[in-house]
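Novice:
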Amino acid sequence: MEIDFKVTGKTKVMGIIGNPIEHSFSPMLHNSISKHLGIDTVYIPFKVEKNHLESAVHGLKALNVVGFNVTVPYKKDVMKFIDDNTKEALLMGAVNTVKNIEGRFYGYNTDAEGFSRSFKEETGTGFKEKKIFIIGSGGAARAITVKMAFEGAKKIYIVNRTASKAAELAEIINNNIDSVAESFGFDDKKAIKSFEASDIVVNTTSVGMHPEVDSSPIEENYQFSKGQIVYDVVYNPSKTKFMSDAEKTGCKTVNGLGMLFYQGINAYEIWTGIKLSEQFLKELFVDFKSVLENR
Ligand code: ATR
Numbered sequence: 001m002e003i004d005f006k007v008t009g010k011t012k013v014m015g016i017i018g019n020p021i022e023h024s025f026s027p028m029l030h031n032s033i034s035k036h037l038g039i040d041t042v043y044i045p046f047k048v049e050k051n052h053l054e055s056a057v058h059g060l061k062a063l064n065v066v067g068f069n070v071t072v073p074y075k076k077d078v079m080k081f082i083d084d085n086t087k088e089a090l091l092m093g094a095v096n097t098v099k100n101i102e103g104r105f106y107g108y109n110t111d112a113e114g115f116s117r118s119f120k121e122e123t124g125t126g127f128k129e130k131k132i133f134i135i136g137s138g139g140a141a142r143a144i145t146v147k148m149a150f151e152g153a154k155k156i157y158i159v160n161r162t163a164s165k166a167a168e169l170a171e172i173i174n175n176n177i178d179s180v181a182e183s184f185g186f187d188d189k190k191a192i193k194s195f196e197a198s199d200i201v202v203n204t205t206s207v208g209m210h211p212e213v214d215s216s217p218i219e220e221n222y223q224f225s226k227g228q229i230v231y232d233v234v235y236n237p238s239k240t241k242f243m244s245d246a247e248k249t250g251c252k253t254v255n256g257l258g259m260l261f262y263q264g265i266n267a268y269e270i271w272t273g274i275k276l277s278e279q280f281l282k283e284l285f286v287d288f289k290s291v292l293e294n295r
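Numbering (our numbering), first residue to last: 1 to 295.
#1: Mark Q263 as exposed unless 16 or more other C-beta atoms lie within 10 angstroms of its C-beta, in which case mark it buried.
#2: I'd like the span of the beta strand (DSSP E) that includes E269, first residue to last.
#3: Return the residue from the list M148, K189, G136, K154 that minimises the CA-CA distance to E129.
#4: Following the continuous beta strand (DSSP E) through F81, name the residue where it begins and the one where it ends.
#5: Enumerated in chain order, which unbroken segments of the alpha helix (DSSP H) with a length of 4 residues or greater are wholly contained in the segment 165-226?
#6: Expressed to the nearest angstrom, what Euclidean distance is found between the alpha-carbon atoms of K99 and F288?
#7: Which first and last residues belong to the beta strand (DSSP E) in which G67 is found?
#8: Are A149 and I134 close, meaning C-beta to C-beta below 7 Å?
#9: In the DSSP assignment, what residue or residues form a beta bridge with G15?
#10: Do A267 and T125 come within 7 Å of each other at the CB atom, strictly closer than that value?
#11: Any chance the segment 249-258 sits against the segment 222-239, with 3 or more Cβ pairs inside 8 Å?
#12: Assess, as a yes-or-no matter, whether the segment 197-213 is touched by the segment 237-253 under the definition of 3 or more beta carbon pairs within less than 8 Å.
#13: Can you tell me where the beta strand (DSSP E) with K131 in it begins and where it stops?
Right under this line is the structure:
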């Protein structure tokens, strides 16, 4: 019989809590990095029922894990069980990464950092002085817009199916970071004009995701402009209808795979203090993409 030494008494534990959790790619990503670096850590998925969230977090502390990720539906609810949440995470209203520092839990939002890093990596530019159009006003939109405002966006236009939520999000940004946000209803003429005049357009909704691949988050009265950067947080399919419509007008398009990848990379770096090399990340991203696209 072969003796397996992968996990020993010295192995440190990382993990992810959420529900459902079966389809998470995070264990594959984090365990691959640890294996490559020769770091004695294992990353485990934990399916947690809603009424067990608090005891799960306390249990993770009692078990002295290195850190853990938090996914749907607990990114907001988990915050009240964390000792210190970063200022950014508080404004984003969500924590997806927790680090254990000497028995205290610190909460971060690496979804936003993942978006920002993937955007820069894949487009070669950032948000400073940019006019940005955001579709949607849920958790992803809030993390992304707060980050963009912190990084110096000139203007952030927000539209949402439920207009009141767009207005609330704009207020959070204007009251806490910088008065750059403006919200509209979808049919507002100013929204349509702002869309055309924006440098960057981001779909933060799930519209267009498999199996609804023929849907787009915008109607025909919205026209892309040549040269715009169009980012879709959806990554399944790898090219959404929204992206292919944008490409027909000569826009650069990016899907949400990089955001998913870099939120994990950022979490790993926070937990271990290791800065992963650009070359390693490039190679890992290619492998990660091919696994996800061929699943
Ligand atoms: P996430 O954390 O992924 O952002 P969420 O917080 O549930 O998820 O937010 C989903 C966003 O997608 C919301 O802006 C939602 O619009 P509403 O606020 O009107 O619900 C938007 N969304 C989801 N399905 C949509 C659809 N079919 N058409 C338009 N917008 C949709």
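The C-beta atom is built at its ideal place from N, Cα and C for all residues, glycine as well.
Specialist: According to the structure shown:
#1: buried
#2: Segment 257-272 is the alpha helix (DSSP H) holding E269; no beta strand (DSSP E) there.
#3: K154
#4: Unbroken run through F81: none, as it is neither H nor E.
#5: 189-197
#6: 24 Å
#7: 67-70
#8: For A149 and I134, no; Cβs fall outside 7 Å.
#9: I44, F68
#10: no
#11: yes
#12: Yes, they touch.
#13: In the DSSP annotation of this structure, the continuous segment of the beta strand (DSSP E) that includes K131 starts and ends at 131-135.
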